[in-house]
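Novice: Here my numbering is used: position 202 in the sequence shown is 203, and no number is missing along the way. Even for Gly, the Cβ is constructed at its ideal location relative to N, Cα and C. Below you will find the structure I want to go over with you.
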Amino acid sequence: MSVRSTDRDEAGMPVERDPRWWRHFGSSALDALVEQAMRDSPSIRSAESRLIEATKYLAGQQGASRYPQVDVGASAKREQLNTAAAGLPMIPNPSPFMLYNTNVSVRYDFDFFGAQRHRVEAKRYEAALRRHQADAARLTLVSNIIAAVVREGRLRDEIDVNDAVLRNRRAVGKMLRERHEIGSVAHRETIDGDSDVDRIEAERAALHAELLKIRFQLAAYAGVPSPESLPRFRLDDLQLPQDLPSTVPSGLVRQRPDILAAEARLHIAGELAGIATANLYPRIELGASIGSSPLALGQLFAGGATIWNIGAQLGAPVFRGGELRAARDAAIAAYDATFEDYRTVVLGALQSVADAMTEIDRDAIALQARRAVAQRQRTVLEMTRRQFENGSSDRLHVLRDEYAYDLARLEMIRVRAARMASTVSFFAAVGGDAYRRD
Numbered sequence: 002m003s004v005r006s007t008d009r010d011e012a013g014m015p016v017e018r019d020p021r022w023w024r025h026f027g028s029s030a031l032d033a034l035v036e037q038a039m040r041d042s043p044s045i046r047s048a049e050s051r052l053i054e055a056t057k058y059l060a061g062q063q064g065a066s067r068y069p070q071v072d073v074g075a076s077a078k079r080e081q082l083n084t085a086a087a088g089l090p091m092i093p094n095p096s097p098f099m100l101y102n103t104n105v106s107v108r109y110d111f112d113f114f115g116a117q118r119h120r121v122e123a124k125r126y127e128a129a130l131r132r133h134q135a136d137a138a139r140l141t142l143v144s145n146i147i148a149a150v151v152r153e154g155r156l157r158d159e160i161d162v163n164d165a166v167l168r169n170r171r172a173v174g175k176m177l178r179e180r181h182e183i184g185s186v187a188h189r190e191t192i193d194g195d196s197d198v199d200r201i202e203a204e205r206a207a208l209h210a211e212l213l214k215i216r217f218q219l220a221a222y223a224g225v226p227s228p229e230s231l232p233r234f235r236l237d238d239l240q241l242p243q244d245l246p247s248t249v250p251s252g253l254v255r256q257r258p259d260i261l262a263a264e265a266r267l268h269i270a271g272e273l274a275g276i277a278t279a280n281l282y283p284r285i286e287l288g289a290s291i292g293s294s295p296l297a298l299g300q301l302f303a304g305g306a307t308i309w310n311i312g313a314q315l316g317a318p319v320f321r322g323g324e325l326r327a328a329r330d331a332a333i334a335a336y337d338a339t340f341e342d343y344r345t346v347v348l349g350a351l352q353s354v355a356d357a358m359t360e361i362d363r364d365a366i367a368l369q370a371r372r373a374v375a376q377r378q379r380t381v382l383e384m385t386r387r388q389f390e391n392g393s394s395d396r397l398h399v400l401r402d403e404y405a406y407d408l409a410r411l412e413m414i415r416v417r418a419a420r421m422a423s424t425v426s427f428f429a430a431v432g433g434d435a436y437r438r439d
């Protein structure tokens, strides 16, 4: 398996993915569990709320840059003038009076050097970043759920085989004690048999404890306090996805949420550098206002009390002690650092895909070998049982071959679960679905 350096397939068509990639495992119970987790998981709800937050900030920034700012003001205040304080002590103080004011003001920043435009784009990429982070949260959640389901299935199958092994060892121990009583076996063999029983019982308790832990972990993923309402899984409930691609287009890997999030961060850093550069240049703003400031409320909208102004304002930095240029240089350095972070994410993604492919190949070979071993042990067991039925073998030989077969089954269960887990890791490494749509 390898990763092809292209974002299109052999026909030159863009690579597409199925967002519900977990359905490749062929379990309706798993599908229902994933849908429940997507709906109720606190981590998903948090990510979606932060996405809404970012989109609202984007909408506000777009409106602020596209349209002029219009403000309305009104005031009413009572005043008392002091003529002596004004240097006119010979004039008596007038009576207190009311002063009313209304005004409408309009301001518009022409944004000749793009500061506002860069702010809008920065908010746009912040919204994109939140969207990709939400996708990453979903991908992580689904991957964790399937991995936990695989572990649960492995544990349940191991417990079943462990129970069979425990019954086998108890039967062997009983038989050895009976033979020891008649002097046909040494006492040490009975001690070894009892030790096997104790060891297997301890392993059984550990398996049950791990299973309980996995069940509560699944409940946390699903957003429920208890696993009682969740379905129970075995390995046979899951289908191993077949015909995984032997090559992965780089365009498929590029759709990983962490890579898209790194791209969004890179764009944000570029826009911040643009803002810092625009701050070095003049700013031109057009403003106008109209209002009324009468002494009587009834004259508030009378033409004689109208006041207005209109004008343009130019502001340009002349000397800031190098602050603005330093800020621009720092923003450029931050962009360079973000670019290297992006490269790190991409390289790590390609490595994780390659590692997952290697694990799939390794586990596939191991599963085939363990299946062959289990089949041979089963053949030996069937032969021994026939010999026992014919009287050419005793019960102890049957029990020992059953034990060997059960151990082979345990190894096959573990390798089978590892093969399933490596497939989950592969789907996670490519960002979800790994199949090309025709």
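Apart from the five residues on each side of it in sequence, which residues of its chain come closer than 6 Å, Cβ to Cβ, to isoleucine 311?
Specialist: Result list for isoleucine 311: Ala289, in chain order.
Novice: Measure the beta-carbon distance from leucine 273 to alanine 65 and round it to whole angstroms, keeping in mind my assumption that it falls under 8 Å.
Specialist: Actually they do not touch by this definition, with Cβ atoms about 17 Å apart.
Novice: Report the partner residues of methionine 1 according to the DSSP bridge assignment.
Specialist: Residue 1 lies beyond the range of the chain shown here (2 to 439); nothing can be said about it.
Novice: Can you tell me where the alpha helix (DSSP H) with arginine 326 in it begins and where it stops?
Specialist: Where arginine 326 is concerned, the enclosing alpha helix (DSSP H) stretches over 324-391.
Novice: Who are the Cβ neighbours of glycine 292 in its own chain at under 6 Å, not counting the five residues just before and after it?
Specialist: Answer for glycine 292: Thr103, Asn104, Ile308, listed in chain order.
Novice: Can the beta-carbon of glutamate 127 be found closer than 9 Å to that of tyrosine 58?
Specialist: Closer than 9 Å, so yes.
Novice: With a 10 Å radius around its C-beta and 16 neighbouring C-beta atoms as the bar for buried, classify valine 73 as buried or exposed.
Specialist: Exposed, by the Cβ-count rule.
Novice: What three-state label does DSSP hand arginine 437 in the structure shown?
Specialist: Residue placement at arginine 437 is poorly supported in this model, since its pLDDT is 49, which falls under 50; the coordinates still yield a value, given next. Looking at arginine 437 - three-state DSSP - the assignment turns out to be coil, as it is neither helix nor strand.
Novice: Could you check whether leucine 241 and arginine 371 sit closer than 9 Å to each other, using their CB atoms as the reference points?
Specialist: No, the Cβ-Cβ distance between arginine 371 and leucine 241 is not below 9 Å.
Novice: Suppose contacts are defined by Cβ-Cβ distances below 9 Å. Is alanine 422 in contact with proline 232 by that definition?
Specialist: No, they are not a contact pair.
Novice: Which residue marks the beginning of the alpha helix (DSSP H) containing threonine 278, and which one marks its end?
Specialist: Looking at the DSSP string, the run of the alpha helix (DSSP H) that includes threonine 278 is 258-279.
Novice: If you count every other CB in all the chains shown that lies within 10 Å of the CB of aspartate 330, and 16 or more means buried, which is it?
Specialist: That one is exposed.
Novice: Thinking alanine 223 and alanine 38 are a contact (beta carbons under 8 Å), I'd like their distance in whole angstroms, please.
Specialist: That pair is a contact at about 5 Å.
Novice: Who are the near neighbours of methionine 14 in its chain, counting only those whose CB is closer than 8 Å to its CB and skipping five residues on each side?
Specialist: Unreliable positioning characterises methionine 14 in this predicted model, as indicated by a pLDDT of 40, which lies under 50. The coordinate reading is nonetheless provided below. Excluding residues within five positions, none has a Cβ falling inside 8 Å.
Novice: Can you tell me whether DSSP reads valine 319 as helix, strand or coil?
Specialist: The answer is coil: DSSP assigns valine 319 none of H, G, I, E or B.
Novice: Note down the Cα distance separating tyrosine 343 from alanine 138, rounded to an integer number of angstroms.
Specialist: Spanning the two alpha carbons is a distance of roughly 19 Å.
Novice: Would you kindly check if the distance between the Cβ of leucine 351 and the Cβ of valine 225 is under 9 Å?
Specialist: No, they are not a contact pair.
Novice: Which term fits arginine 1, buried or exposed, when burial requires 16 or more other beta carbons within 10 angstroms of its beta carbon?
Specialist: As displayed, the chain neither begins before 2 nor continues past 439, which places residue 1 out of reach and without an answer.
Novice: Tell me threonine 103's beta-bridge partners as DSSP assigns them.
Specialist: In the DSSP output, where bridge partners are listed per residue, threonine 103 has Ala75, Ser293.
Novice: Rounded to the nearest angstrom, how far is the Cβ of glycine 323 from that of proline 283, given a contact under 8 Å?
Specialist: Contact flag wrong, Cβ pair sits at about 18 Å.
Novice: Who pairs with arginine 108 in a beta bridge, going by DSSP?
Specialist: DSSP output for arginine 108 lists Gln70, Gly288 as bridge partner(s).
Novice: Using 10 angstroms around the beta-carbon of isoleucine 414, count the other beta-carbons present and answer buried if the total reaches 16, otherwise exposed.
Specialist: By the 10 Å Cβ count, isoleucine 414 comes out buried.
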